[in-house]
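Visitor: Numbering (UniProt numbering), first residue to last: 1 to 398. Got a structure here, written out as structure tokens. Questions coming.
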């Protein structure tokens, strides 16, 4: 197929269009299909050939695609991105012309995926050369994707089987990948609302649902909604194919901190199985109440944690380490009335910086307020009076 002629290609396109074969057409405008390697299809001005062979409804899409093949073949990813923008906009117009039909959705899938990938490459080149700011190209790509989103979202009167709204989840996942990359998570909210409003939201393909849950779980985590993040990320992890170890590992990078903040510490065997040594000492330090080890581990693997966007989330684990450390102080003293100075000494022993009596009381007050310790602080006597019954509730109960 690498030597496919223009006539052969156009004939295949027209035949697929005649039979309304969206899957074949999706391949025929995809950059993962071998036809894009054919030198004979790299046409800077393909309009005349296309208009001669292709139905007018589809001609604009195919002409734009062949120009994109030419641009990509010349090695110019910026021009490829620009031409692929035209492809997506043409696809949106094409879909709008076909009322009460959705067989063409695979065409949209191919066009939108390729646009995101070209935009990512172009954004890197343009940023490196100083021609634009980081993320600008991806934002423009998202604007083009929105033209398809509007067409799909507006198809509310068509029967469920034929509605273009079946294409919404694929588009939303593309938006997620862009918005997370440019750090504009606030733009995800209307996308999530659109999916959650669908009566058939649980009937999308499992692969698309897993991607959706992965990103919504990450967003919940950043919004500090750890219960919801646990549910959505757990869904993604449990439903992800057992053979997709790379994807399972990617999910765990976010699920582990969420689980830990809810009091569930992962087993060492899980960390080893999915090659996550960065978390070994994070788990150990929280379990032991070793605040010093936790701080050292965050510094040691700082680049990994920051790159994953979880460094600040892991910082929140210090309160759990404090809780386990203070529980040890309670067990050692064997008393329900404990001098605040003893907690202060334990913090200093753990090399907690700039800690004093007031800061220690603040930590204790937060723990009591969060339900991680039962009791109260007697400021007059500078003591903590802990409950005689279950003074340190299980972390999973907090």
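All C-beta atoms in this analysis are idealised placements derived from N, C-alpha and C, irrespective of residue type, glycine included. This one's a predicted model, so the numbers in the text were calculated from it and none came from an experiment.
Grab me the residues of residue 376's own chain with a C-beta within less than 8 Å of its C-beta, minus the 5 sequence neighbours each way, in chain order.
Guide: Excluding sequence neighbours, residue 376 sits near 368, 384, 385.
Visitor: What residue range is occupied by the uninterrupted alpha helix (DSSP H) comprising residue 18?
Guide: First-last of the alpha helix (DSSP H) with residue 18: 6-18.
Visitor: Would residue 71 pass as a contact of residue 60 if the rule is Cβ separation under 8 Å?
Guide: No; because the gap between Cβ atoms is not below 8 Å, this pair is not in contact.
Visitor: Residues in its own chain within less than 6 Å of residue 338 by CB, not counting five upstream and five downstream?
Guide: So the qualifying residues of the chain are 384.
Visitor: Using 8 Å as the cut-off, can you tell me whether the stretch 130-143 makes contact with the stretch 159-169, which would need three or more C-beta pairs spanning the two stretches below that distance?
Guide: At 8 Å Cβ cutoff, the stretches do not touch.
Visitor: Which word fits residue 349, buried or exposed, when buried means at least 16 other C-beta atoms lie within 10 angstroms of its C-beta?
Guide: Per the 10 Å Cβ criterion, exposed.
Visitor: So, for residue 151: in the same chain, excluding its five sequence neighbours on each side, which residues have a beta-carbon less than 7 Å away from its beta-carbon?
Guide: Counting only Cβ-Cβ distances below 7 Å, and skipping sequence neighbours, we find 92, 95, 96, 164.
Visitor: Helix, strand or coil for residue 267? Go by DSSP, reduced to three states.
Guide: Looking at residue 267 - three-state DSSP - the assignment turns out to be coil, as it is neither helix nor strand.
Visitor: Alpha carbon to alpha carbon, how far is residue 194 from residue 65? Give it in angstroms, no decimals.
Guide: Roughly 29 Å between the two C-alpha positions.
Visitor: Terminal residues of the continuous beta strand (DSSP E) containing residue 375?
Guide: Looking at the DSSP string, the run of the beta strand (DSSP E) that includes residue 375 is 375-378.
Visitor: Please work out which residues of its chain come closer than 7 Å, Cβ to Cβ, to residue 112, disregarding the five sequence neighbours upstream and downstream, and give them in chain order.
Guide: Counting only Cβ-Cβ distances below 7 Å, and skipping sequence neighbours, we find 88, 145, 148, 171, 174.
Visitor: Determine, using beta carbons only, whether residue 276 and residue 249 come nearer to each other than 8 Å.
Guide: Yes; because the gap between Cβ atoms is below 8 Å, this pair is in contact.
Visitor: Among 100, 39, 67, 109, whose alpha-carbon lies nearest the alpha-carbon of residue 25?
Guide: Checking every option, the nearest Cα to that of residue 25 belongs to 109.
Visitor: Is it true that the stretch 119-133 meets the stretch 28-42, where meeting means three or more beta-carbon pairs spaced less than 8 Å apart?
Guide: No, they do not touch.
Visitor: What residue range is occupied by the uninterrupted beta strand (DSSP E) comprising residue 383?
Guide: First-last of the beta strand (DSSP E) with residue 383: 383-386.
Visitor: To the nearest angstrom, how far is it from the Cα of residue 84 to the Cα of residue 159?
Guide: Going by the C-alpha atoms only, they are around 31 Å apart.
Visitor: Anyone know if the C-beta pair for residue 104 and residue 217 falls short of 8 Å?
Guide: The answer is no: Cβ separation not under 8 Å.
Visitor: Taking the straight line between their C-alpha atoms, what separation do you get for residue 360 and residue 292?
Guide: Between residue 360 and residue 292, the C-alpha separation is close to 16 Å.
Visitor: Provide the residue(s) that pair with residue 208 in DSSP beta bridges, ordered along the chain.
Guide: In DSSP, residue 208 forms no bridge with anything.
Visitor: Give the single residue among 342, 224, 214, 353 whose Cα lies nearest to the Cα of residue 238.
Guide: Among 342, 224, 214, 353, the Cα nearest to that of residue 238 belongs to 214.
Visitor: Tell me, to the nearest whole angstrom, how far the beta carbon of residue 230 is from that of residue 262; I am working on the premise that it is less than 8 Å.
Guide: Residue 230 to residue 262, Cβ: 6 Å. Contact.
Visitor: To which residues of the same chain is residue 281 closer than 7 Å at the C-beta, ignoring the five residues directly before and after it?
Guide: Correct list, in chain order: 293, 297.
Visitor: Whose CA, out of 154, 242, 115, lies closest to the CA of residue 207?
Guide: Residue 207 has its Cα closest to that of 242, out of 154, 242, 115.
Visitor: Using a beta-carbon distance below 8 Å, is residue 232 in contact with chain D?
Guide: Considering every chain present, this structure includes no chain D. It has just one protein chain.
Visitor: In this structure, does DSSP put residue 332 in helix, strand or coil?
Guide: The answer is helix: DSSP assigns residue 332 an H, G or I state.
Visitor: Excluding the five sequence neighbours on either side, which residues of its own chain have a C-beta within less than 6 Å of the C-beta of residue 351, listed in chain order?
Guide: The residues are 292.
Visitor: Can you check which of these residues, 234, 226, 240, 182, is closest to residue 205 by C-alpha distance?
Guide: Of 234, 226, 240, 182, the residue nearest in Cα terms is 240.
Visitor: State buried or exposed for residue 283, treating a residue as buried only when at least 16 other CB atoms are found within 10 Å of its CB.
Guide: With 16 or more other Cβ atoms within 10 Å, it is buried.
Visitor: Buried or exposed for residue 210, please, with buried defined as at least 16 other CB atoms from any protein chain shown within 10 angstroms of its CB.
Guide: Its Cβ being crowded by 16 or more others within 10 Å, residue 210 is buried.
Visitor: Report all residues from its chain with a CB closer than 8 Å to the CB of residue 274; omit the five preceding and five following residues, and keep chain order.
Guide: These residues qualify, in order along the chain: 245, 248, 249, 252.
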